[in-house]
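Novice: Once you've had a glance at the structure underneath, I'll fire off some questions.
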Amino acid sequence: MPRFLIDRLLQGVLVLFALYTITFFLAKAMPGEPFTSEKNISAETKANIRKLYGLDKPIWEQYLAYPKNIITEGSFGISTSKGRPVIDIITQSFPNSLILGLCALGFAIGIGVPIGILSAVRKNSWIDWVCMTVAMVGICIPSFTIGPLLQIYVAAHIPGLKVAGWGNLEDILLPSFTLGLVSAAYLARLTRGGILEVLSQDFVRTARAKGVSPIQVILKHTLRGGLLPAVAYLGPAFAALISGSFIVETIFQVPGMGQHFVNAATTRDEFLLLGLSLFFGFLIVVMNLLADLLTGLLDPRVRHTGGTN
Amino acid sequence: MSLLKIKNLKTYFHTRGGTNRAVDDISFSIDKGEIVGVVGESGSGKSVTCHTMLGLLPQPPAKVEGGTVTFDGEELLDLSQPLLRAIRGKRISMIFQDPMSCLNPYLRILDQITEPILIHENVSRATAEARAIEMMTKVGIRDAEARARSYPHEFSGGMRQRVMIAMALVTKPDLLLADEPTTALDVTVQARILKILRDLKDDLGVAVLFVTHDLGVVAELADRVVVMYRGKIVEQGNTQDLFKNPSHPYVKGLLACRPTLETQYRILPTVEDFLQTKIEEDGSYTLSDHPNAEDRLAKLTSEVNSDKEEKATLTSLLQVSALQVHFHSGGGFLSSPHKTVKAVDGIDLQITRGRTLGLVGESGCGKTTLGRAILRLQETKSGSILYDKNELTKLSQPEMLPFRKRMQIIFQDPYASLNPRQTIEQALTEPMLVHKIGINQSERRDRIVSLLEEVGLGAEFLLRYPHEFSGGQRQRISVARALAVEPEFIVCDECVSAMDVSVQAQVLNLLRQLQQRRNLTYLFISHDLSVVKFMSDDMIVMKNGKVMEHGNADTIYKNPQSEYTLELLDAIPSSSLLG
Amino acid sequence: MIEKTATIPQGSSLWKDARSRMAKNKFAMGGFGVIVVMFSLCFIFAWFCTNPNLVNLTNKFAPPSKEHWFGTDALGRDLFARILYGGQVSILVGLIATSVSVVIGIVYGAVSGFAGGRTDAIMMRIVDTLLAIPFLVLVIVLQATLSDWSGDATRWIVVNLNWDKEFTGRLTNIVPLFFALGLLGWLTLSRIVRAQVMSIKEREFVEAAVALGYSKWRILFRHIIPNVLGPTVVYSTLTVPGFIMYEAILSFLGLGVESPNSSWGVLIKEGANFLETEVQLLLLPGLFFSLTLFSLNFLGDGLRDALDVKAAKD
Amino acid sequence: MVFFSLLIISCGETSSVDDASRDGILIMGNSGEPKGLDPHIVSGVLESNVIRSLFEGLVEAHPSKDGIAVPGVAEKWYPVNPKRPDEWVFELRKNAKWSDGEALTADDFLFSFRRLLTPALASDYSFMLYYIKDAEFYHKSQRSYLLFRSDSNFTEEWWDSLKKVDFGPNEKAEEGSFNFIGLDKLNLTELEKLLDKPSLFKWPSDLSTKIRRSLILKNLTFEKTNRGNLKVNELKDLWELIDFGATAPDKHTLKVKLNSPIPFLPEITKHYTWYPVPKHVVLQHGNVGERFTKWTKPENLVGNGAFVLQSWRFNDHIEVSRNPNYWDKENVGINGIRFLPIGNLYTEDRMYFDGQMHVTYTIASELIEYSRQKYPEHVRSELYLGTYFIRTNVSNEPFTDPRVRLAFSYALNQKSLIDNVLKGGQKPASGLVPPFGNYPASDVVTFDPELARKLLADAGYPGGKGLPDIEFLTTDKESSKVTAEALQAMWKEHLGATIKIKQMEWTSYITAMFDKDYDMAAGGWIGDYMDPLTFLDMWMKGVGNNRTGWHNEEFEKILGMAAQTGEATKRYELLAEAESLFLKERPILPVYWYTRNYLLHPDVKGWNPLLLDNHPYKFLRLEPGSKNRKD
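Residue numbers (our numbering), protein chains in the order written: chain Z, 2 to 310; chain P, 962 to 1540; chain E, -2 to 311; chain S, 6 to 636.
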C-alpha cells in the first residue's frame, strides 16, 4: 500500500481514539443516566441494571473496556435504550441512510452543479442572479420547513407519492430532495466560484483559439478544475449526508441512522452514542481521504505530492 | 493579394476608469508565407490586435470601434461566432506567451493536440492521434508517442512551447499568430524554437504574425517589422531597413536602451532620451524627437570610462564555498519516494565589497536557489557561507535577524513580492519597525520620503497600493523597500527580467546609481547574458547547479572558456543587426 | 491580460476604491440598505412597539389589524413585535457567532496551513475529530454546566455592578449559546482558510517578508491573513443562516433565548407547525429572516469583489 | 449492503388504508420504536401496545367498559374470602396454548413471576408484583431479613431493633466502606473479610456487637452452604428462603396470596407485567435471570395472544398476524396489525390525512381544530387516566408556604388554557385523581384570582412584592413551551410573579426534578391501573416519584388504613379523604385531566373509548368502504 495511504490511515486511527475519549467523557458528563425515566425505578433495580451493563465499574475500567471489547470481540456494546447490540442498530439503519444520502447527493450534484455552471457562464446576467437567489433560498430554508412544505403541497396531491414512509422506491424522492437541498445550494455557489476562477485562466483562451465551442470549453476544459472546491466541500458533507439526519428522518419516517444520534444522546445511551460517533468519525476520515484522492484524480498536478491534507 | 489585411482597426476598452484606446487606428498586412514581426512594449496594443482578429477579447469591456480585418477575402470582424470558430484553430492558429498557463493542466497532451483536428476535420481519433504525434516529432519532441500521454506539468517550459506550436500547426493553418511565444524561455531554448518556426514556415508555407517585445528576436526572424507604441503603429517596414535606419525617435530609443554585449555605457540611454511626448488636454498626444537627444547621448558616452576606475578597497564581503542545496521530491503516493534534485551542487564564489558579481544561467540551473540559500531563505545541505567573517549556515533563524538587515533581495516580480493589501507607506515602514530604524513615526516617514525620491518616486505615492503602479514603478518600490533597512549587500534575482527594455534600462540605471552612492554590493542574477555583462564586474556561468565559468565579465565575454558559455553567447538573437 | 499604460489614477486607496466600487454595486448597496432598515427596525423601532410578550388568550391568531400589523400568534401576542424583538437575538447571534467562528477559524486554519508538515497534519486531524463529536451531547453537557454559571453571573452582576436585572439575565443566558456555537462553528471555515493560506504562503511577498527579517507571527497576521479575508467573508455569510437556525434548536434545549422571548429561528421553528392552519406564522418571520440573509449575502459578495485587488486592476 | 436495502425497498408494499381494510390489517401509529417485546423488560406505553397483541394475561380488558374484566387465560377468578380479598384463585382454561402449540399452564405463570422478580433481570416494573406475598423481599434481595425471619431462635424484639436498619444500597456513604454496597449485597469473600474486621462496615450505632457478628455469620453460612456451581463473587439466590405467595395447586389453577387485601387485583393483572412468558422458550435461549437472550427475536418469539409476530423491520414497522393456536381464534375480528413507529406528530397526522393509516397515536395540538373542521367524524377526544400538574419544590422559597402554593393554583385559569392553547378537550383538573367509576372526584381546585391574591398577600407577598424569581422547569417540546408561556403570563397577570421558563431536554429535565433542582416543574402522571391509589401512593415519603420534598404523616396514615380495608366503598372514602388532605396542602398544582386525541378511521369498528387506552384488539372489526379521505 502506498505510504501516503498508510500514513493517513494511521492518523485516522488516532482521530478515532481521540474522538472516543472525548465522546466517552462527554457522555459521562451529561446529567442523568441511561435508566432515568419519568416513573421512578427503584435503587435496587438501578444497581442491578448498572451491573448488567458494566456501568458499576470504576470509570477508568469502563474507559478501557469499550475499546478492548471492540478489538477482542468486535462488540460495540448493547444499547441501553434499544436493548439490542449497537452493531445491529448501525447495520440495520445505515443502509437506509446510505441510500438516502446517495440520492441526496445525487440531487445535490444534479441540481447544484448545473446551476453553478449556468450561473458562472452567464456571470452577472439575470440568469446568474436567479440561480444564486435560488441557491440562497436553499441555504436559508431549514429542512424542518421544506420537509413539511413538500408533504403538504407535493406529496398529498400526487397520487403514488406518500407523505412519509419507507418501503417503495418513490419514497426516497422527497426525503432525499429535502436532505440534498442545502448541499445543492452550497455546491452551486462553490461550482460557480470554481468555474469562474478557471474561466479566467489562460488555457481557456487557448481552447477558444482552437475553435472549441463554448459548451465544450465548459465541459471539457473548465469543469474538472472548476469542481475542485466542490469536491473539497463534498468530503465531510458526504459523510454527514450518509450518516443520516434527525430532522429529515423524523419528518419522512425514514428508518435511518440520524435519529439514533439524537435518541442516544437524549436517553443517555452511551454505548450507542460511542458506537455511532466512532462510526461517523470513521466515515469522516474515509470521506476526507476519498475527497483528497478524488482531488488527485481531477488535478494531475496534485497526484505527485500526494494530495492536500 | 495579402493573406491578411488589417485596415484602420480600432479596439477600445471601456472601463469604469475611462476609455483605453488599446488599438487605435492601425493598418498592416501579411502575405502568404511571410513572417511579420510586431514589436512593442507592454500596453502597446500588439496582443490586443491578435486577440481582436480572432474575437477572443472579453466584450465588454473591449469593443471594436472600427476598421476591418480581411482574411483571405473574408471579413473576420463580421463573421458569426460559429463561422469564426471554424476559422479559429483551423486556418488561423495562435500560440501564447506562457506555455504553462496556456495548456490545460487537467488534460493529457495528446488530447489537447488532437482537439483542433477533431473539431475541424472529420477524421477518426486514431488518425488524429497519429497526426498529432507526427507533428510533435516535427516540432522536436523526442519520444513523442510515449510522452503524448503525459500532462503539461510533466514537461519543461521549452517542451511545453513546442507542444503549443504542435497544437497550433497540427491543422496546417494558413496563418499563425504567435503572441510572445519565446519571452518566457531561456535563450538557448528560444533559439531552438525560432529555428523550428523558420523551418515550419518553409515546410508548410504558413504565414506568421510574430508579436514580441524583443527587438533581437524580430531582427532574426521577421521579413517585415511593425513597431507599435500606445496603440498606434509608429513605424513599419522591411526588417533590414528598419533596424539600420530607424526614423521614429521611439524606435531609435528602443534600439539604444537595450544593453548588448558590446554596450560600453555605464549608464544606459532610455527611450525618454530620444522621445518627447506631448499630451494634450483631451488625452491625445503627439510624439516627436527629443530636442536634446544628441546631447544626452553624447553625455552618456563621455561617461563611459569616467567611473571605471578600480575601487580602492578590495575586501571580500561574501565567501561561499562548496555549497550544496538539495531538494527532495516525491515520497507521496503513486511515485517512488525521495527523488533528490541537486539544485546547487558544490558552488564556490566570492564577492568583493562594493562590486557586482553577475550570475548567469538558464532556468533550472540553480542560480535562484543559490541566491536564496545565501540569504538563508533556503536550507542548505552542506558547505559554508561566510559573510563578513560570520558563518551564516550555523545560525538559527532568530540569529539571522541582524544579518537580514544587512543583506537584502529584490525579486523578479515586484507585484508578487509586494503584499497587495499594504500601502507603500506600510510596506516601507514595516521593515524599519522590525529592525528598529528611526525613532518615531515622523522620522520614519521622512526616511521613506527620501527613499522614494532616491528611487525616483514622489511622496504622493505613499498611500497607494501596489496594484496602482506600473511594473517599473513597482520594482522601484521593491528597491526602496530593500534599501529601507540600509543593507550593504543585495541579491538582485532576475529583477529586470520581466520588464520592457525601456523600463529595464531605467531600473538598471537606478541600481547602478545606488551602488555608487551607497557603496552597495550586488549579486546580480539573470538569464540574460547581455544584462549581466552590463551590470557586473565579475561573473559566474552556472549550469545544473555547478559553476561552468568564473571570472571578469569582460574577459568571459571576449574569450569564453567553456562550451556552455559559447552556446549561450551564440543563442543571443541577431546581434549583428543590433550592434 | 490588458495592462494599462503607466498613467496612475489619482489619489485613491484600496479602501476608498473599494468603497466607490461598492457604491456602484447595486446588489451590494441594496443589501446594505435592507440591513440598515432591519437594524433600525429591530434595535430602534422595536422599542416603540407593543410588548411582544403580552399574552391575550382571547385574541389568538388575529388577522392583521391596526393594533397588530401582522396579527397575533397562538397566545395572542403581537407577531410584528415578536419578529422585531426576535430579530435582535437572531441578528446578534448571526453576527457574534459568525465573528467568533471566523476569528477562530482564520487563526486556526492560517496557523495550520502556514506551519505545514506535521503540525498541519495534527491540527487538521483535530478538526476531523471535532467534526465527529456528537453536537447534541456537547450541548447537553454545556447546558448542564453553564446554566448554573449564567444564574450566578447574573446575580453577581446585578449585585456588584448594579445592572438591570432583566437585561443581565438575557445577556448571561445567551453567552453560553455563543460559546456553544463558536466552539464548533469554525471547523469547516478553518479548512477553507487553510487551503487559501497554503497557496498564499508560496507567494513571493511572503518570502520577501522573511528576507526582511519579519517574524513568523508578523508574516502570518500582517501579510497572509489579510489576503485570505475575501473568500472567508463570502463563506462566512453563508454560515449565518446555519447559526441562526442552530440557535433555535439550542433554545429549545434550554441554551439560548429564554421563553417567552423569542428569535427568528424559534419563531420559524414554531411557525412550521402551523403550516396547515396559520401559514403566516411561518411566512412572516421567514420573510424577515430570508431578506436579511439575502442582503447579507449580497453585501458579502460585494465586499469580496470590492476588496479583490485583481478585479480592481481591470 | 446497499444492494440488499434496495432490494428491500423495491419489493414495495401497499400501505393505503383502503387496501389494508380490505385485507383486514389495522395500521396503527405507535409513536416510536419499542425497546423490545419482552413483557418483563419493557416499561412503556408503545411497547405495551404491541405486547397486548402478542400476549394475553389472566384477564382481559373489556372492549367498551372500564374496570370490567373479561376472561383471558383464566376462565374464572375469585377471591377466596370476598370480605378480605387478600387471596385470589384463577382457574386457567384447559385449551390455553402458546403460539407454538405447547400447552400453557399455571407453571408458566409461576415461572414468569419468578423471572420478573429475579434481581439480575433488572426489570423496571418488578414492583407491579410486590402485591404478592414475599415478592418484594426476594426482588430486593433482603437476605438479612429473610434469614432472621426463618430463624426461630430470634425474638421479635430483637428483630424490631434491626428492622429500622436499611441494608440496601446507600450511595451517599463513603467509598471504601462496605455500606456502599449494603450488607445484603456482600458476597462470600467480602463477608469473610467483614467477619475478620467488622469495622469495615458502617454499622448503625444501636446495633450491638453481638447482633452485628451474628448478622455477618448468618449471611456467611447461607452463602457458604451448598454453593454448587456458584462462584464466590456471585450471590446465592434467595428463592428457597421466601414463602412466595403465588402457587399452583394443579396445572390449571393459580393461587395468589397477597400482602394485603386488594379488591381490584384483576385490574392489576391486566398490566403486561403479569403476562405469562413461555418457560420452555425462554429457558431454551438462556436462564431465568438473563436479560439479553434471543427469545424475543422475531424468529423465536412465542406468545399466547390473539396475534403472532409476522415481521419486525427496525424503525420501520412491526406487523402481527392471526395466531392459529389462540384459544378464541374464531372471535378475532382482524387479520393483523401493523404498528408504525412515527415519532413526529405532524408527520403522523399528515400520513393519516394521506390515507396511510387507520389510527394515529395522537394529534398535534396545532392540528386538532384543523382536523375537527376537515375530518369531524375521524377525530376522537377521550378522557384518559392521567393528570397534568405542576410540581412545586416545597423546600425552596416561596413554596415552603402552603398559601403560596394555593395562590399559584388558584391563579391558574385551567379552562382558558385548555380552550385557547391545548384545544384537545382536556378537562380542568378539579382534583388530583381523574373521575372514574364510583370514586368521588374532588372539586376543590378552581380558578379564583381574588382568593389567589389574598392568599399570596397573607403569605407576605402582597401583589407579588418580594417574590423571588421562580424557575419553571419544562421540556424541550414545542407544546410544553407554549403551555409554559401561557402559565407564565397567567401568574404574571394575577399574582405579579416573575417566572423564568427553563427548557431542558428530557433526561436532563427528569434528572433536575429528581435532584430537586427546580422551583416549579411541569409534570404529569398516567395511572398504571384503574384505582385512585395509583395517583396517591406516590406522594408518600421517600417514594421516588414524589420529587417535591412534600410528605405528611396524616396522609400516610390514612393511606395505610385504606390498604388494610377490604371493603371497596370504605376504601374509596379513605382514599378521597387522603386526596382532600393532599389538595389542602397542594404540593402540586393540578392543571388538567388528560384526554387522548387521535384520528380514527371510520372503517374501524369496535373501538370504544377506554380510560386506560388499552383497546383489546381481538374485538375490533374492519369494514372497508367507509368514507375515505382522498375524495
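Just so you know, even glycine gets a beta-carbon here, dropped at the ideal spot from N, CA and C. In this text the structure is predicted, and so the values were computed from the model without any measurement.
Using a beta-carbon distance cut-off of less than 7 Å, what residues from the stretch 1347 to 1380 of chain P approach chain E?
Specialist: Per Cβ criterion, the list reads L1362, R1365, K1366, Q1369, I1370, F1372, D1374, A1377, S1378, L1379, N1380.
Novice: Where does K88 of chain S fall in DSSP's three states?
Specialist: Taking the fourth sequence and counting its residues from 1, the one referred to as residue 88 of chain S is at position 83. Of the three classes helix, strand and coil, the one that applies to K88 of chain S here is coil, per DSSP.
Novice: Grab the span of the beta strand (DSSP E) containing V1195 of chain P for me, first residue to last.
Specialist: Indexing the second sequence from 1 puts residue 1195 of chain P at position 234. Its beta strand (DSSP E) spans residues 1193 to 1199.
Novice: Run through the DSSP bridge pairs and tell me what E476 of chain S is partnered with.
Specialist: As a first step, residue 476 of chain S must be located in the fourth sequence, where it is residue number 471. Answer is S:K505.
Novice: Measure how close the beta-carbons of E1278 of chain P and V1305 of chain P come, nearest whole angstrom, since I'm counting them as under 8 Å.
Specialist: Position 317 of the second sequence holds residue 1278 of chain P. Position 344 of the second sequence holds residue 1305 of chain P. What sits at residue 1278 of chain P in the sequence shown is Leu, not Glu. About 20 Å; that fails the 8 Å criterion.
Novice: Would you mind reading off the limits of the alpha helix (DSSP H) that contains Y150 of chain S?
Specialist: The residue you call residue 150 of chain S lines up with position 145 of the fourth sequence. Per DSSP, Y150 of chain S belongs to the alpha helix (DSSP H) from 148 to 154.
Novice: Across the stretch 325 to 339 of chain S and the stretch 118 to 133 of chain S, are there enough close Cβ pairs to call them in contact, namely three or more that are closer than 8 Å?
Specialist: Because the criterion of three Cβ pairs below 8 Å is not met, the stretch 325 to 339 of chain S and the stretch 118 to 133 of chain S do not touch.
Novice: Is there a Cβ of chain E sitting closer than 7 Å to that of A30 of chain Z, yes or no?
Specialist: Locating residue 30 of chain Z in the first sequence gives position 29, counting from the first residue. Yes, A30 of chain Z counts as interfacial toward chain E.
Novice: For the pair the stretch 131 to 140 of chain E and the stretch 210 to 228 of chain E, tell me if three or more CB-CB distances fall below 8 Å.
Specialist: Contact between the stretch 131 to 140 of chain E and the stretch 210 to 228 of chain E is absent, because fewer than three Cβ pairs lie under 8 Å.
Novice: Quick check on DSSP: helix, strand or coil for F45 of chain E?
Specialist: The residue labelled residue 45 of chain E in the question sits at position 48 within the third sequence. Helix, per DSSP.
Novice: For V1000 of chain P and L293 of chain E, I'd like the C-alpha separation in whole angstroms.
Specialist: Taking the second sequence and counting its residues from 1, the one referred to as residue 1000 of chain P is at position 39. Taking the third sequence and counting its residues from 1, the one referred to as residue 293 of chain E is at position 296. The straight-line gap from Cα to Cα measures roughly 49 Å.
Novice: If you follow the alpha helix (DSSP H) that Y143 of chain S is in, where does it begin and where does it stop?
Specialist: Counting from one through the fourth sequence, the residue named residue 143 of chain S turns up at place 138. That run of the alpha helix (DSSP H) goes 140 to 144.
Novice: Name, please, each residue of chain Z whose Cβ falls closer than 8 Å to the Cβ of I347 of chain S.
Specialist: Along the fourth sequence, one-based indexing puts residue 347 of chain S at 342. Result: A165, Q254.
Novice: Residues of chain P with CB closer than 7 Å to the CB of T199 of chain E, please, in chain order.
Specialist: In the third sequence, residue 199 of chain E corresponds to position 202, counting from 1. It is worth fixing the name first, because residue 199 of chain E is Glu in this sequence and not Thr. Correct list: empty, because the minimum Cβ distance to chain P is about 10 Å.
Novice: Looking at S157 of chain S: is its Cβ nearer than 7 Å to the Cβ of N613 of chain S?
Specialist: On the fourth sequence, position 152 is the one that residue 157 of chain S refers to. On the fourth sequence, position 608 is the one that residue 613 of chain S refers to. Not in contact: S157 of chain S and N613 of chain S (Cβ atoms no closer than 7 Å).
Novice: Below 6 Å CB to CB, which residues in the same chain sit around L460 of chain S once its five sequence neighbours on both sides are set aside?
Specialist: Against the fourth sequence, residue 460 of chain S aligns to sequence position 455. Same-chain partners within the cutoff: R408, L411, A412.
Novice: Residues of chain E with a CB under 9 Å from the CB of P237 of chain Z: which are they?
Specialist: As a first step, residue 237 of chain Z must be located in the first sequence, where it is residue number 236. D125, L128, L184, T185, R188, listed in chain order.
Novice: Which runs of the alpha helix (DSSP H) at least 4 residues long sit entirely within the stretch 1407 to 1493 of chain P? Give them in chain order.
Specialist: Listed in chain order, the complete alpha helix (DSSP H) runs (minimum 4 residues) inside the stretch 1407 to 1493 of chain P are 1432 to 1445, 1462 to 1479.
Novice: Applying a beta-carbon distance threshold of less than 8 Å, which residues of chain S neighbour I153 of chain Z?
Specialist: Position 152 of the first sequence, counted from the first residue, corresponds to residue 153 of chain Z. Near I153 of chain Z (Cβ distances below 8 Å), the residues of chain S are R355.
Novice: Once the 5 residues before and after T289 of chain E are set aside, which same chain residues still bring their CB inside 6 Å of it?
Specialist: Position 292 of the third sequence, counted from the start, is the residue given in the question as residue 289 of chain E. Excluding positions up to five away in sequence, the list reads M35.
Novice: Which residues of the stretch 981 to 1007 of chain P have a Cβ closer than 7 Å to any Cβ of chain E? Give them in chain order.
Specialist: Within the stretch 981 to 1007 of chain P, the qualifying residues are N981, A983, S1003, G1004.
Novice: Kindly indicate which residue of S:L59, S:P90, S:I475 has the alpha-carbon position closest to the one of K102 of chain S.
Specialist: Looking up residue 102 of chain S in the fourth sequence gives position 97. When each option's Cα is compared against that of K102 of chain S, the closest is S:L59.
Novice: State the beta-bridge partners of K1504 of chain P as determined by DSSP.
Specialist: The count along the second sequence starts at 1 and reaches residue 1504 of chain P at position 543. DSSP output for K1504 of chain P lists P:K1507 as bridge partner(s).
Novice: Quick check on the DSSP output: what are the complete beta strand (DSSP E) runs of length 3 or more inside the stretch 329 to 417 of chain S, in order along the chain?
Specialist: As far as the stretch 329 to 417 of chain S is concerned, its whole beta strand (DSSP E) runs of at least 3 residues are 341 to 345, 384 to 397.
Novice: With C-beta atoms as the reference, is W279 of chain S less than 7 Å away from T267 of chain Z?
Specialist: Along the fourth sequence, one-based indexing puts residue 279 of chain S at 274. Along the first sequence, one-based indexing puts residue 267 of chain Z at 266. No, the pair does not count as a contact, with Cβ atoms beyond the cut-off.
Novice: Please check if any C-beta of chain E sits within less than 7 Å of the C-beta of P301 of chain Z.
Specialist: Here the question's residue 301 of chain Z lines up with position 300 in the first sequence. Not an interface residue.
Novice: Of all the CB atoms in chain S, is at least one closer than 7 Å to the CB of V100 of chain E?
Specialist: On the third sequence, residue 100 of chain E is found 103 positions in, with the first residue counted as 1. No, V100 of chain E does not count as interfacial toward chain S.
Novice: Of the residues E:S233, E:P238, E:D302, E:N159, which one's Cα is nearest the Cα of V97 of chain E?
Specialist: One-based indexing of the third sequence puts residue 97 of chain E at position 100. Answer by Cα proximity: E:S233.
Novice: Please go through the same chain and pick out, in chain order, the residues whose beta-carbon is closer than 8 Å to the beta-carbon of N1351 of chain P, but skip the five residues on each side of it.
Specialist: Your numbering for residue 1351 of chain P matches position 390 in the second sequence. Result list for N1351 of chain P: F1364, in chain order.
Novice: DSSP puts S447 of chain S in a beta bridge; with which residues?
Specialist: Stepping through the fourth sequence from its first residue, residue 447 of chain S is reached at position 442. None; S447 of chain S has no bridge partner.
Novice: Quick one: which residues of the stretch 190 to 216 of chain Z get their C-beta closer than 9 Å to a C-beta of chain A? List them in chain order.
Specialist: The structure shown contains no chain A; the protein chains it does contain are Z, P, E and S.
Novice: Measuring only between beta-carbons, confirm whether V16 of chain Z sits less than 7 Å from chain E.
Specialist: Translated into the one-based positions of the first sequence, residue 16 of chain Z becomes position 15. Interface residue, yes.
Novice: With C-beta atoms as the reference, is L1170 of chain P less than 7 Å away from L1138 of chain P?
Specialist: If you number the second sequence from 1, residue 1170 of chain P lands on position 209. If you number the second sequence from 1, residue 1138 of chain P lands on position 177. Yes, these two residues count as a Cβ contact at 7 Å.
Novice: Across the stretch 142 to 160 of chain Z and the stretch 300 to 315 of chain S, are there enough close Cβ pairs to call them in contact, namely three or more that are closer than 8 Å?
Specialist: Short answer: they don't touch.
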